[in-house]
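Going down the list, the sequences are from chains L, D, W and U.
The working numbering puts the first residue of the first sequence at 5, with every later residue one more than the last.
The working numbering puts the first residue of the second sequence at 2, with every later residue one more than the last.
The working numbering puts the first residue of the third sequence at 3, with every later residue one more than the last.
The working numbering puts the first residue of the fourth sequence at 7, with every later residue one more than the last.
In this text, a Cβ means the ideal position worked out from N, Cα and C, and glycines have one as well.
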Amino acid sequence: MNILDIEDLSVVFTTDTGDVPAVGGVSLRVRPGETLALVGESGSGKSTVALAAMGLLPGNARASGRVTVDGTEIVGAGEAELAGLRGRTASMVFQEPASALDPLTRIGRQIAEVVRNHRPLSRAEAAREAVELLRKVGIPEPERRASAFPFQLSGGQRQRVVIAMAIANSPSLLIADEPTTALDVTVQAEILDLLRGLAADSGTGVLLVTHNMGVVADFADRVAVMLRGDVVETGSVEEVLLRPTHEYTRRLLAAVPRLKVDGEGGVPVGATGSVTGAGEASAPVAAEAPAPGDGQATAPVAAEAPAPGEKPVADDEEAAGPPVVHLRDVAVRFGRGPGAVRALDGVSLDVRPGETVGLVGESGSGKSTAARVALGLVPTNSGSVSLFGTDLGRARGRARRALLSGVGVVLQDPVASLDARMSVAECVAEPLRTHRRGMPAAERRERVAEALELVRLPRELARRGPRELSGGQRQRVSLARALVLRPRLLVADEPTSALDVSVQRTVLEVIAELQDELGFACLFVSHDLAVVQEFAQRVVVMRAGRVEEQGPTMSTLLHPETEYTRRLIAAVPVPDPVAQRRRRAADRTGATA
Amino acid sequence: MTAVLHTTVVAEPVAGYRLSLRRFARNKLAVAGLAVVVLFLLFCFVGPLLYSTDQTHTDLTQVNLAPGGAHLLGTDAVGHDELGRLMYGGKISLLVGLASGLLATVIGTLWGAVAGYAGGWVDAVMMRVVDAGIAIPALFILLVVSAITSPGALGLIVILGLVSWLVPSRLVRAETLTLKNRDYVLTLRATGGTHGRAILRHILPNSVSTIVVAATFQVADAILLVAYVSYLGLGVQPPSTDWGGMLSAGLTAAYSGRWWLIVPPGLAIILVVCAFNAIGDGLRDAFDVRGRG
Amino acid sequence: MDTLLYLTRRVLQALAVILIVTIVVFCLLHALPGGPARGILGPQATAGQIAAFNHEQGLDRPLPVQYAYYLGTLVHGDLGTSYTLNEAVSRLIEQRLPKTLVLTVLSALVGLLLAIPLGMWQAVRRNKPADYVITTLSFVAYSTPVYFLGLVLVLLFTQTLRWFPSQAPQGDTLAQVFADPAALVLPVVTGAASMIAVFSRYMRAATLENLSEDYVRTARAGGARQGAILFRHVFRNSLTPVVAMLGYYVPVLFGGALVVEQLFNYPGMGLLFWSAAQSSDYPVLLGCVLVISVATVVGTLLADVVQRIVDPRVKAGRA
Amino acid sequence: SGTSGTSSASHDSINYALPANFTPNWILPIGTAAHLNTNNISIANTLWEPLIAYDGSTGKIAWNKAGSVATAADFAADNKSVRITLGDRHWSDGKPITSRDVQFWYDLIKANKAQWAGYNPGKAPDNWTSFKAEDDRHFTLTFDKAYNPQWMLANELNSITPLPQHVWDKGGDPKQVWTFLNNAAKNIAGYQKDALWKTISGPYAVKSFSTSGKVVLTANKKYDGGEKPGIPTVNLLPFTTADAEKNALRSGSVDYGYIEATDLDQKGSFTGQGYTVKPWSGWAITYMPYNFNNPAMGAVFKQLYARQAIQHSIDQTSLAKVVLNGTAVPGYGPIPQGQASDFLSPVQKDNPYPFSTSTARKLLTDHGWSEQGGVMTCTEPAKCGEGVAKGTKFEMQVLSQSGSTVTDNMMSAIQSAFAKTGIKFSIKTAPVNSVLSQTPQCTAGQSICKWQLSFFGTAGSWYFNAFPTGDSLFQSKGGSNFGNYSNPEVDKLISASTTSSSNQAIQDYSAALAKDLPVIWLPEPVYQISVMKNGLGGFWQDSLANFHPAQWKWTS
Ligand SMILES: Nc1ncnc2c1ncn2[C@@H]1O[C@H](COP(=O)(O)OP(=O)(O)OP(=O)(O)O)[C@@H](O)[C@H]1O
Ligand SMILES: Nc1ncnc2c1ncn2[C@@H]1O[C@H](COP(=O)(O)OP(=O)(O)OP(=O)(O)O)[C@@H](O)[C@H]1O
Ligand SMILES: [Mg+2]
Ligand SMILES: [Mg+2]
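Written out as structure tokens, the structure is:
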């Protein structure tokens, strides 16, 4: 018997702007002990299906069809009946670990509460049980941690707590909705291991929602692919990933970029530029390689297609003139007292004229902070920062503004980077308004149009508001803004994170071309090793606020000197079930050795 | 989100406002509130054209008449027509309420924006001033200031504006604190933009929903405050009056059965203040900002 | 250690605020034209008597000197002597403050005890008739001028129905005040009305916000029932922002107390303040303002501290 | 009997409502002006009987011998001294009341006159040159010149109170004693216990005196004077506001309270509840002083025709009848008209300037004013009078007492009438204390001199002593001559009224000021509208605004 049986499920959301049909006639099954991966483009209805299976759809949703969990009908069931089912027969792990826990209740109590919801245990017994569960999900010192508040845990630990709650009553069905998107590559691997172990040990059926093909390859028995509210393809993981039949699945898989790794140079890389919406901003883990043009390139990128901006690698100090950006022993601390975060700790780095420096490292390692320090946006606790040879800390008022007028900036979050109350044209024109006050309006319009053209955005977009653009378009608008003044330095923090692979390619080419033309220096922040591999001449690897290693891109990424860099590269999963399983096995042995 | 936008890029630039408008229109209380405010504005400002009465001269031969006949709502203790007086007093109440509510919002907004944006010791000092302002009973300031200057309508607007800008300033400061670290402001700063531009072009426009909502509640409070101030005898000077003044003057007749001196101004105050609160409530939902319940 | 540092900083800030208050209040008072003497001594007073009064009270000295002197005595806990009431200001406050505190604290308690469940209930029944009815009622309660509400209550309950006495308890000691609970009903209700209105709105909003938080979904996914979610999780999480508002509500409570004390013949701080203002009794006026400001500052301080205790995130600076 | 309960069921006690917002806070019959207000004096006088009670408690203003320690005051033929005889009276501790006790008072006041509430330069005690005790029961006071005996009795000798010298005179000079006594009186909490306040001569003793203002008096068993207390226990109740008092009255917990003029139409409901409503008229006049030194309008005010035009615009009859609900009487001059007296001149009585805005307009137009945009403007300065510049507008502002609906209404009505004359009259209100503070005597250059008219007479502007002289009010440089009115003729009349022994002098003064208009005369409101439980009687309401609990009786 199936533990989860979804038959012809449809869900419609009522919203201010009208009805949104999110899911239309989906049928799925999960058998005990089996893992079904639900993949598909962003917004295709994966989470909605998962929530419907738990009876947790928000108030504005109307569901029809049949959903049975362990023989109990969910659609239309009463709240009391559902409460009896949830947390016992079926459990769920949510995407966002930061907000999934009650901030004011100690984690031990929250777990114990789930236990006591279904089992007649005393408080003390439930508390002991909670500690056991914490131990089971691998929280160190569970006795002590049980009395921690959620905010005192790291993201990965919080996610473990949520998992502990989910498995507290050994459910027959576990639904995990993108359980690792918010987490680091390395933490992601651990969490997935944990889930896998649980499923294997207790015969729990798992419905795993994810967009990460590497994870699917690694973890799932069967795969269901969703597109705009429909399941377009279902099958075993090998079938679907290696021999996709549906055109969308094929496109999806082709768009997944791969990092060129030493010793794996022969692995074919497929990429097409026409995937709509695959480049969701919240996909920091997937390693995406730039796709050269229209999906026929099969050779390792770095070897055959030289990066557009590539020059003789400037690994020596004698390259042109004094550094444009110069950080010396910079330390940055956020907060005070024991809760303080050492975001940067003795960081030194230089960007020379015309050179592109890639800044990489795991999430939270201080990449963005370093970039902001260079821009004078974050005060330093110690160390010195200079721009174009001038100490930024000393410059004030007019002089400072003049200095900064030579800088173009693209910050990390494309949504937050543009003022939603301005039109695209106004956004792009802003640097002109601040530094070229006398410029006639007509000329300004012309310059704005030029800049938009540079980033391949149609002129008509100029009158729209940022809200009316896609994430990728937004990111290009902020790039246009950064370029409109023809900068001497471009600081770009994840400038392509929201772009789908083909647009990413185009944008990077644009930057490279302009760099050739204008000769500006570039500090390029990315967690995407593949992009950096192609784009930067030098790379700086950061870890926990320190520079772990730096050097010419090719040598550093192909022959990393530190274990950390190696792990960073290794943790990038490959969307091939066979290869991925082999790699993991190798990793295990390597780690235990 | 992004994916949805990919496929359904909205063409209308005002969609955000349309949406808010629609949400507002769905809030029945808010729409009723709006209707009440409009009706009262018409009543007070257009009403006198249709129902003209002498509110400048007293008529000691026509005092305390019950409603009916020539005086639809009767007359007061010095012979003013009560219905006409309700319009006349309403003008002051609404005008002072609206203007001082707006003045408070403007002052509060600028103060809060500057403090929040500047941060550091400037913020600390400015906020301590706000704290002190909150800690000094507004009544004290009202008493003292009205002892120095004679509060006409204009004076009252200024005084009330000056005692009630504190709450909006705190709200706007909080908003500014988050906005000033938005990437678009950071980008502006990192590329040498001026602080004035950051505040005027980015921070204030983006706090507009907070400000509008605060302003609505502020107006409601101001109308109530006008009434309170008049009760304490610090309101507009006789023979000019406002609803609060009418009400508190009428209260002395509470036991004399002259309900027409109490009920109309009392109801007018309650209705209008309710209406502004309901509007604020609707706007808050429509703009989706936090603020008073 | 961290907490100690925090407390020290907050207390220093509070002191700064109070210093600003004294300066503002002092300056404003002395900006009043004419000075208090003629008002105090009455129309019959002679020029000599007025000069004698001004000299005795130090009013003939330069303002900064007076201020310095005032601060000096203040530090010693001496608030001066009333011009008219033949009592030390500190004695007056000592007599009046407890009475007002009884009134305001009771009003606040009654207000909160009603407002919090009401607000939560409204949130649960959001946009149902009950929600609309309570919303409308709370708007009306908020919009009714206190003095009007008080009058209506007095007319209804003391004159028509005669359920309650028209005066608040007249005893001087707190024991005497509490001995007459029936007499406390109307004053407390009058004082609590707008509080109920405001805080039920806050609570409703906070509850709604928390109900849409992810952790509620997590709790439900764990099989928790609606009641458990509301009381174990949402209640506590909604309460913290509401508590934070309380501190700022202190001046409002005092403002309401003034009207209530007038209506119900209950000589507390509000009336002391009011009559001091009417009679230009500067030392009393200063004393009252100071007490109210200190109460406000302490109120906000306490609210912060309570929040720090209730919400561990605040302490870590992450909320 | 409690205070929040109902009024005294038995006739052993009475609940008397003190005026709104007044808290008894002084026990000593001597003290500074800040402490000695009417109500404190009333309480002190029930504890320590005055030497000569010259008041309205007997129905007319006269010497109430029953309530006085003195039995006779014999003026010398030249009116330059008086010989006073004390009754055979005893302190509550049994010691006799003697001339020494009077002299004790005399010495204290002589030595501390500057601080004494009753002091006016040139008047008592300055004009008393010596005190000579003949024996325990007789003494003589000598004056600096001849005085009208009635004036001397009514306005100066009446302030003397024999004090228990044997208890209060703790040694040292009179200044030290004064300080000692005043300091003792600053401890309200001690009023009930302190032995100082136990030795009394009046009909009542303090049973309790709470800091919140409630005073309980209990009959003094040792009292051997003529005014035996009628009710054993007297509760004096403080009220925060008139509204609170009225609520108490309606619920029956007050035996002797008051209502406001606007409440008179509820008279029926009070009589229905077993109350009698009886106005308490005051020995007072009500007016608005002009500021003759005001830089803008002083010159206009100095013109008699202008003052006449203003007075002609005041419709006292309607104001008294309609706005003040018939509780006031029109007042046309410096002598109170609420009760008949020998001081009132026919001129004042007949109102020299009856209400007529047309007469008022004519007065102005005849003197070079013409109406421009609704406001009279001086167009012919030659006719307007000295100091009135061309283009001067007849605009004046009053600073009026706030907090009374009746006063607000009166100001509105006056404003309306002024507008008909062409005078712009704007109103600003402030608490009465602020009004007094902001409308002082001043010279044109002072910033405080911006005030033009002042009104502080919601319950009457000026309460007279028994003899209604205008020495501090209308005499040039008089202490309470706020607007600096000055007229040598009037000055002469005023001094004549205090020195000559005939009433003609004061009648002349009455006529002169009724005509010369030193202030705007306004209707005289009553002191209060009393509401008394039926059965309370046997007394008159003292028009000098004092209350005399000993006279109260339950008659049924
Ligand atoms: N509460 C809601 N109200 C209205 N529309 C909603 C709601 N929740 C989801 N949607 C819409 O329903 C569709 C499906 O959303 P869902 O969250 O299931 O997508 P998803 O496949 O999980 O996407 P992602 O990979 O981005 O998480 C989307 O278009 C989304 O905008
Ligand atoms: N304003 C801030 N206040 C407190 N902590 C901060 C702040 N900004 C960054 N941090 C902390 O500093 C550390 C470095 O953050 P940073 O944003 O530089 O990381 P990153 O390498 O850019 O990560 P990502 O790849 O996720 O963008 C993180 O631990 C982060 O939590
Ligand atoms: Mg999802
Ligand atoms: Mg970053």
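query                                                                                                                                                                                          : result
Beta-carbon within less than 8 angstroms of Val-245 of chain W's beta-carbon, same chain only, minus the 5 sequence neighbours each way: which residues are those?                             : Ala-305, Val-308, Gln-309, Val-312
Here's the rule: buried if 16 or more other CB atoms are within 10 angstroms of the residue's CB, otherwise exposed. What is Thr-449 of chain U?                                               : exposed
Please confirm whether Leu-203 of chain D has its beta-carbon closer than 7 angstroms to some beta-carbon of chain L.                                                                          : The sequence shown places His at residue 203 of chain D, rather than the Leu named in the question. At least one chain L Cβ lies under 7 angstroms of His-203 of chain D.
Which word fits Val-520 of chain L, buried or exposed, when buried means at least 16 other C-beta atoms lie within 10 angstroms of its C-beta?                                                 : Rather than Val, the amino acid found at residue 520 of chain L in this sequence is Asp. Exposed is the call here.
Since I believe Phe-245 of chain U is in contact with Ala-26 of chain U (beta carbons under 8 angstroms), could you give me their beta-carbon distance rounded to a whole number of angstroms? : 5 angstroms
Please list the partners that Ala-226 of chain W has in chain L, where partner means a Cβ-to-Cβ separation under 9 angstroms.                                                                  : Ala-87, Arg-90, Gly-91, Glu-117, Val-118, Asn-121
Buried or exposed: Tyr-232 of chain D, going by 16 or more other Cβ atoms within 10 Å of its Cβ?                                                                                               : buried
Touch check for the region 273-283 of chain D and the region 47-66 of chain D: three-plus C-beta pairs under 8 angstroms?                                                                      : no
Considering just the uninterrupted stretch of the beta strand (DSSP E) at Gly-29 of chain L, what are its terminal residues?                                                                   : 22-34
Are there 16 or more other CB atoms within 10 angstroms of the CB of Gln-547 of chain U, so buried, or fewer, so exposed?                                                                      : buried
Could you give the C-beta distance for Ala-221 of chain L and Val-241 of chain L, rounded to a whole number, given that I count them as a contact under 8 angstroms?                           : 7 angstroms
May I ask you to report which of helix, strand or coil DSSP gives Glu-58 of chain W?                                                                                                           : helix
Name the chain D residues that come within less than 7 angstroms of Phe-141 of chain W, Cβ to Cβ?                                                                                              : Cys-275, Asn-278, Ala-279
I'd like the list of long-range same chain contacts for Tyr-252 of chain L, defined as Cβ closer than 6 angstroms, with 5 residues on each side in sequence excluded.                          : Leu-231, Val-236
Along the region 179-204 of chain D, what residues have a CB closer than 7 angstroms to any CB found in chain L?                                                                               : Arg-183, Asp-184, Tyr-185, Leu-187, Thr-188, Leu-189, Arg-190, Ala-191, Thr-192, Gly-193, Gly-194, Thr-195, Arg-198, His-203
Which residues in the same chain have their Cβ closer than 6 angstroms to the Cβ of Glu-308 of chain L, if we skip the five residues on either side of it in sequence?                         : A caution first: Glu-308 of chain L carries a pLDDT of 35, below 50, which makes its placement in the model too unreliable to give a value.
From the DSSP output, in three-state form, read off Glu-521 of chain L for me.                                                                                                                 : helix
Taking three-plus beta-carbon pairs below 8 angstroms as touching, is the region 216-235 of chain W in contact with the region 97-115 of chain L?                                              : yes
What in chain D is Cβ-close to Ala-436 of chain U, meaning under 7 angstroms?                                                                                                                  : Ala-148
To the nearest angstrom, how far is it from the Cα of Ser-351 of chain U to the Cα of Phe-431 of chain U?                                                                                      : 31 angstroms
Within the region 28-75 of chain W, note down every full alpha helix (DSSP H) run reaching 4 residues or more, in order along the chain.                                                       : 39-43, 49-58
Verify the CB distance criterion: does Ser-286 of chain L have a CB-CB separation below 7 angstroms to chain D?                                                                                : At Ser-286 of chain L the pLDDT is 32, less than 50, meaning the model places this residue with poor confidence and gives no usable figure here.
Which of the three DSSP states is assigned to Ala-60 of chain D in this structure?                                                                                                             : Here the sequence assigns Asp to residue 60 of chain D, which means Ala is not the residue at that position. Coil at Asp-60 of chain D, not helix or strand.
I need the straight-line Cα distance from Lys-389 of chain U to Lys-521 of chain U, nearest angstrom please.                                                                                   : 21 angstroms
From the beta carbon of Thr-19 of chain L, is the nearest beta carbon of chain D less than 7 angstroms away?                                                                                   : no
By Cβ distance below 7 angstroms, which residues in the same chain neighbour Arg-3 of chain U in space, the five residues on each side in sequence not counted?                                : Nothing can be reported for residue 3 of chain U: it is not among the residues displayed for chain U, which extend from 7 to 562.
In chain D, which residues lie with their C-beta within 7 angstroms of the C-beta of Asn-295 of chain W?                                                                                       : This sequence places Ser at residue 295 of chain W; Asn is not what is there. Ordered by position in chain D, the residues that pass the 7 angstroms Cβ test against Ser-295 of chain W are Ala-136, Ile-137.
If you measure between the beta carbons of Gly-484 of chain U and Ser-478 of chain U, is that distance less than 7 angstroms?                                                                  : yes
Assuming Arg-70 of chain L is part of the beta strand (DSSP E), what are its boundary residues?                                                                                                : 65-73
Is the region 51-69 of chain U touching the region 296-316 of chain U in the sense that three or more CB pairs, one from each, lie closer than 8 angstroms?                                    : no
Taking its Cβ as the centre, do 16 or more other Cβ atoms sit within 10 Å of Thr-3 of chain D, making it buried, or is it exposed?                                                             : Reliability of the predicted coordinates at Thr-3 of chain D is poor, the pLDDT of 29 falling under 50, and no value is obtained from them.
Would you give the residue range spanned by the beta strand (DSSP E) that Lys-213 of chain U belongs to?                                                                                       : 210-215
According to DSSP, is Ser-84 of chain W part of a helix, a strand, or is it coil?                                                                                                              : coil
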